[in-house]
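*Asks:*
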DNA sequence: ATTAATGGTTTAAACAAACGAACGAATGGT
DNA sequence: ACCATTCGTTCGTTTGTTTAAACCATTAAT
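Residue numbers (the numbering used here), protein chains in the order written: chain A, 1 to 112; chain B, 113 to 224.
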């Protein structure tokens, strides 16, 4: 497959991830989870306290973060515990793309 | 400085970059520039042809991409040539943040 | 100087995202 | 069985983004 075509596909695959990660509110959720992930996860209410967002807003953002594989969930009765996904697949995919782009740019600069 | 506080700052600094990079239209512009950057850059009209966007739309997206340091411009009379920025500072910043996050996640998994 | 070409900007409209209020579903306790 | 708790979802509103049409500024050419 054409390297350019591959690049197009790679970009497309990380689009949602980038959008999810670019939002300030979602960043606060991520940071809150990062600092608390030594325990078993946080509930929606914990996150509303920490981020100053309403419950529906937190719920909405958690859904988006879950869709892109950044976080995971575990239910205990009515209680849902959210935590950062233990797999870094999506992050790795983005890192790879960034490396690819950097390589092309550096090659271009050298050719100049 | 608190490592967490640092993380918060790092996230904040790449927000605009992530948002800029997440948009599909802007991705097509970037890809077009990537594949053509062996020459001296592309003009707005070249990009409208390649991306199927109107001239004002291209202009708008170029402005955003320029603001986050992803692309640069060179004027020759009335003609503006756009090309990918030769410095990868922003990309490197994002890579560093991703590494930081990955480190925290992996540490957490191990502790479990 | 006048005209043509290039491209940035402003404005208004279409579109999408984010939010809170209210509602609904499921579980747990009394 | 009943009520409280937890959390997701739907709905309408607000807010922000994206876009094209029209306009303006600059340069180049005759």
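Yeah, the Cβ is synthetic: ideal placement off N, Cα and C, and Gly gets one too.
Just curious, the beta strand (DSSP E) that residue 72 of chain A is in, first and last residue?
*Replies:* 71-76
*Asks:* Roughly how many angstroms lie between the CA atoms of residue 191 of chain B and residue 90 of chain A, to the nearest whole one?
*Replies:* 40 Å
*Asks:* Could you confirm whether any beta carbon from chain A is found closer than 7 Å to the beta carbon of residue 164 of chain B?
*Replies:* no
*Asks:* Is residue 28 of chain A buried or exposed, if buried means 16 or more other CB atoms sit within 10 Å of its CB?
*Replies:* buried
*Asks:* Measure the beta-carbon distance from residue 194 of chain B to residue 130 of chain B and round it to whole angstroms, keeping in mind my assumption that it falls under 8 Å.
*Replies:* Contact doesn't hold; Cβ gap of about 21 Å is too wide.
*Asks:* Going straight from the alpha carbon of residue 148 of chain B to that of residue 85 of chain A, what length do you get?
*Replies:* As the crow flies, the alpha-carbon of residue 148 of chain B is around 38 Å from that of residue 85 of chain A.
*Asks:* Thinking C-alpha only, which one of A:97, A:107, A:102 is nearest residue 8 of chain A?
*Replies:* That would be A:97, whose Cα lies nearest to the Cα of residue 8 of chain A.
*Asks:* So, residue 167 of chain B versus residue 156 of chain B, is the Cβ gap smaller than 7 Å?
*Replies:* Yes, they are a contact pair.
*Asks:* Whole-angstrom Cβ separation of residue 65 of chain A and residue 213 of chain B, contact assumed at under 8 Å?
*Replies:* 13 Å between Cβ atoms; not a contact.
*Asks:* Closer than 7 Å, Cβ to Cβ, to anything on chain B: give me those residues from the stretch 17-40 of chain A, in chain order.
*Replies:* 18, 19, 21, 22, 24, 27, 31, 34, 35, 37, 38
*Asks:* With a Cβ-Cβ cutoff of 7 Å, do residue 23 of chain A and residue 68 of chain A count as a contact?
*Replies:* no
*Asks:* Rounded to whole angstroms, what's the CA-CA distance from residue 20 of chain A to residue 71 of chain A? Just pull it up for me.
*Replies:* 11 Å
*Asks:* Against chain A, with Cβ distances strictly below 7 Å, would residue 170 of chain B count as a contact?
*Replies:* no
*Asks:* Residues of chain B with CB closer than 7 Å to the CB of residue 8 of chain A, please, in chain order.
*Replies:* 143
*Asks:* Could you give the distance in angstroms between the alpha-carbon of residue 219 of chain B and the alpha-carbon of residue 30 of chain A?
*Replies:* 16 Å
*Asks:* So, helix, strand or coil for residue 9 of chain A, using DSSP?
*Replies:* helix
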